[in-house]
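Remarks on the structure that follows.
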Amino acid sequence: HGDSSMLREAVAVAQHHDAVTGTEKQHVANDYAKQLAMGWERCQLLVSNALSSLMGTKETFTFCNSLNISVCPLTEASSQFIVILYNPLGRRVSYPIRLPVNGVSYSVTDPHGQPVPSEVVPVSITTHGLYGNSVGALQELLFEASAPPVGFSTFTVTQSPHRDPNVHPIQPPAQ
Amino acid sequence: PQPWDIRNEHLRVLFDPLTGHMKEIQNLAKNISLPVSQSFYWYNASIGNDESPQASGAYIFRPNSSDPIPISGSQRIHTSLVKNSLVQELHQTFSSWCSQVVRLYMGQPYVELEWTVGPIPVGDGWGKEIISRFQTPLQTRGRFYTDSNGRQMMERRRDHRPTWNLSQTEPVAGNYYPVTSRIFIRDEKIQLTVLTDRSQGGSSIFDGSMELMVHRRLLYDDNRGVGEPLLEQDGDHRGLVVRGHHVLLLDTVSDAADGHRLRAQELFMAPYPVLAPGGGAPYRPQ
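Residue numbers (my numbering), protein chains in the order written: chain A, 6 to 180; chain B, -10 to 275.
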């Protein structure tokens, strides 16, 4: 049973001027972050229920909160997975999607089963400099995903055994 | 040597091969070219001086000098260029704690600057307020524009307030404004807009320049009530690492709003990818 009330309360608390501007004491900042994280966790369940209802299948949905530092255990370990993209805007949009992976080649298909151009690109070296190579994948799968107005698209990603011969990364010598 | 470049069907970004810094942005469709240099600097946080005991802190931004210090100790920064069919990007390392990826996705009419800053070192005893500064030859006549809570764009004039005669005593802090979603500078023809992924402080300290504060770490309380310095750190007492991105748009003044308004909506209401292994059982809410 998911619900959004905890996140709603956490966001409401974060309307305080100290939370908006960052003038709170450190232990209060920690509490704001904790409340938001707990609220988001409960809300994920709600979103999962909604997506199951909309898609007509019961999936084990995963929310990778650390995609900004190229960390997502599901995409790093799986040879096949699906990506669901919900677009809250009233017009079709297209977004570049980056997912950390460990394979060298993947195929991506759109909701109609049509192939979507994709490629595996190296993660910025600076990420690995920061985190000492201990966290995150070395590569990311990149593809452009589009989603309909106020709707969602489902993309299927499957690992391929061989590198796509059409993709030739060019890496001039680093300075 | 020839400049390095990254490009897609909309834009081309050139870099100086000797320094590794951004040098120029071209809007290919509009045939616009603008020299733009961008780099990271830090303002040395004031701990108070003869004029005022006010220290820089959580409430107060008060650098002890109007001239920020480049984060990269040398003219040349470390770079690596990656070109693929869907993305072209230049990785820039300014220091061990400040780096950036300048990125062009195929089909997207903007330049993405993904910056990673921190942990800010303060072992030298100086609080630091980190900025990303863009410098262009645009004749901006002391004017720049920031948004008011993502709604109306407000004209800001350097060292000026619209409703009273200002005697400016803080040439940097006195010209900083909230940037909730975007900031831009322009001349008669060209507009350079930066969209932010979070609220930041920003300004145009001299004509043609634009800057945004991306991170700060301070050692003194500003004595305005919080009672502790803005020194957020992790369990190992290291400062936080923050990552974010700026979206850069170059367009004509007449067409710029079309681009930045739609793009800002897409940033604010960006879809969150939800993942699943697939092959789930059929499900009906009943």
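The beta-carbon is built from N, C-alpha and C at its ideal position, and this holds for glycine as well. Keep in mind that this is a model prediction, so the values were computed, not measured.
Residue burial classification, residue i (beta-carbon count within 10 angstroms, cutoff 16)
i: B:N164; result: buried
i: B:T205; result: Reading off the sequence, residue 205 of chain B comes out as Arg, not Thr. Classification for B:R205: buried.
i: B:R92; result: buried
i: B:P226; result: Residue identity check: residue 226 of chain B is His in the sequence provided, not Pro. With fewer than 16 Cβ atoms within 10 Å of its Cβ, B:H226 is classed as exposed.
i: B:T135; result: buried
i: B:L7; result: exposed
i: A:D8; result: exposed
i: B:Q275; result: exposed
i: B:G268; result: exposed
Residue i at chain B interface by Cβ criterion, 8 Å
i: A:C48; result: no
i: A:N138; result: Legend: pLDDT at A:N138 = 45, less than 50; position of this residue unreliable, value from coordinates given subsequently. For A:N138, the answer is no, since every Cβ of chain B falls outside 8 Å of its Cβ.
i: A:A152; result: yes
i: A:T114; result: no
i: A:V16; result: no
i: A:G61; result: yes
i: A:H133; result: Since pLDDT at A:H133 reaches only 48, below the 50 mark, its modelled position is unreliable, and the value read off the structure follows with that caveat. So, not an interface residue.
i: A:G108; result: no
i: A:Y37; result: no
i: A:Q20; result: no
i: A:E149; result: yes
i: A:Q31; result: yes
i: A:P166; result: no
i: A:L146; result: no
Residue i, DSSP secondary structure in three states
i: A:M43; result: helix
i: A:C48; result: helix
i: B:P271; result: strand
i: B:A34; result: strand
i: A:Y37; result: helix
i: B:R92; result: strand
i: A:S53; result: helix
N- and C-terminal bounds of the beta strand (DSSP E) containing residue i
i: B:E200; result: 198 to 206
i: A:L147; result: 144 to 152
i: B:R171; result: 171 to 175
i: B:T105; result: 100 to 106
i: A:E29; result: Note, A:E29: premise wrong, no beta strand (DSSP E); not H, not E.
i: B:P24; result: 21 to 24
i: A:V16; result: Counting along the chain, A:V16 falls outside any beta strand (DSSP E), though it belongs to the alpha helix (DSSP H) covering 10 to 18.
Opening and closing residue of the alpha helix (DSSP H) in which residue i lies
i: A:F86; result: Where A:F86 is concerned, there is no enclosing alpha helix (DSSP H), although the beta strand (DSSP E) it sits in stretches over 85 to 92.
i: B:P160; result: Run containing B:P160: none; DSSP gives neither H nor E here.
i: B:A265; result: Unbroken run through B:A265 is the beta strand (DSSP E), 263 to 265; no alpha helix (DSSP H).
Per DSSP, cross-strand counterpart(s) of residue i
i: B:M142; result: B:D136
i: B:R1; result: B:R(-4), B:Q15
i: A:V106; result: A:Q144
i: B:Q222; result: B:G228
i: B:H67; result: B:T82
i: B:D240; result: B:Q180
i: B:Q189; result: B:V168
i: A:T62; result: B:P271
Cβ of residue i within 8 Å of any chain A Cβ
i: B:V215; result: yes
i: B:G224; result: no
i: B:P266; result: yes
i: B:N212; result: no
i: B:P271; result: yes
Any C-beta of chain C under 8 Å from that of residue i
i: B:H204; result: In the structure shown, chain C does not exist; the protein chains are A and B.
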